[in-house]
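Numbering (this note's numbering), first residue to last: 454 to 645.
Heads up, the beta-carbon is just placed ideally off N, CA and C, and yes, glycines get one too.
Structure, as structure tokens:
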Ligand code: GDP
């Protein structure tokens with residue numbers, strides 16, 4: 454897909470749905486530091502749209518981006534960062550679960566970003582359990598694939614395959630080298 458324009462619309466907090474329900478959505482999840490912001494930027498061909506932070510765990514809202522006036526990207530807060538109070542973590546989890554379980558639009562794709570070196574963590578798996586229940590499309594974007602050699606890459610994908618418990622599509626990706634960007638857009642265009 455050619456990105457003609459992409460801009461940040463607003464930060465969404467629990468209970469405050471600032472989107473047009475007619476517009477298809479692609480929602481991004483991931484542990485802090487997996488490269489979620491870098492991946493969103495790579496997909497939008499834009500160095501600074503989603504904030505790429507040196508310090509993970511800053512985002513506290515669902516960041517809504519308007520793409521070409523016919524698609525939304527929703528960047529959910531990164532989870533699993535060690536710093537921050539128990540209360541803060543609970544608030545982030547509530548926001549993510551509210552978004553997954555309590556908001557509904559006719560066309561939504563969920564994209565979970567993983568670090569290829571780390572694979573699926575327990576937190577990812579529990580988030581996936583909520584995503585399976587939506588019966589909506591799930592893509593696992595396996596980022597930082599540039600850090601692995603061929604052998605490590607196939608091991609990584611084998612491991613992920615054994616850990617998933619629902620229907621997901623796997624996408625090898627690198628925000629750094631832009632590997633997987635075209636394939637991602639093909640997957641999205643297949644559906645919309
Ligand atoms: P976020 O917290 O998930 O949004 O992660 P960021 O996008 O801020 O990235 C976290 C760190 O991972 C940064 O140092 C990035 O430069 C690095 N990073 C992100 N994507 C890649 C990738 O595809 N390959 C490599 N080697 N590093 C990456």
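Coarse secondary structure for residue i, derived from DSSP in three states
| i | result |
| --- | --- |
| residue 515 | strand |
| residue 582 | helix |
| residue 528 | strand |
| residue 622 | strand |
| residue 534 | coil |
| residue 593 | strand |
| residue 634 | helix |
| residue 556 | coil |
Beta-carbon contacts of residue i that lie in its chain and below 8 Å, excluding the five residues immediately before and after
| i | result |
| --- | --- |
| residue 471 | 462, 463, 465 and 517 |
| residue 456 | 497, 498, 499, 520 and 521 |
| residue 508 | Note that residue 508 scores a pLDDT of 45, beneath 50, so its modelled location is shaky; the value from the coordinates is reported in the next line. Excluding positions up to five away in sequence, the list is empty. |
Neighbourhood of residue i by C-beta distance below 7 Å, restricted to the same chain and skipping five residues each side
| i | result |
| --- | --- |
| residue 467 | 547, 548 and 551 |
| residue 529 | 480, 481, 482, 515, 549 and 552 |
| residue 458 | 521 |
6 Å Cβ shell around residue i - same chain, five flanking residues per side excluded
| i | result |
| --- | --- |
| residue 633 | 624, 625 and 626 |
Selected residue, minimal CA-CA separation from residue i, among the options
| i | options | result |
| --- | --- | --- |
| residue 637 | 489, 543 and 594 | 594 |
| residue 542 | 610, 485 and 526 | 485 |
| residue 581 | 603, 621 and 598 | 621 |
| residue 477 | 532, 527, 491 and 609 | 527 |
| residue 556 | 474, 601, 610 and 531 | 474 |
| residue 523 | 460, 489 and 538 | 460 |
| residue 572 | 536, 596, 538 and 513 | 596 |
| residue 574 | 525, 608 and 533 | 533 |
| residue 554 | 585, 610, 639 and 641 | 585 |
Handout entry: Meets three-Cβ-pair contact criterion under 8 Å: the region 629-645 and the region 609-619
Key = no
Practice task
Count the C-beta pairs between the region 586-593 and the region 554-570 that are closer than 8 Å, then say yes if the count reaches three, no if not.
Solution key: yes
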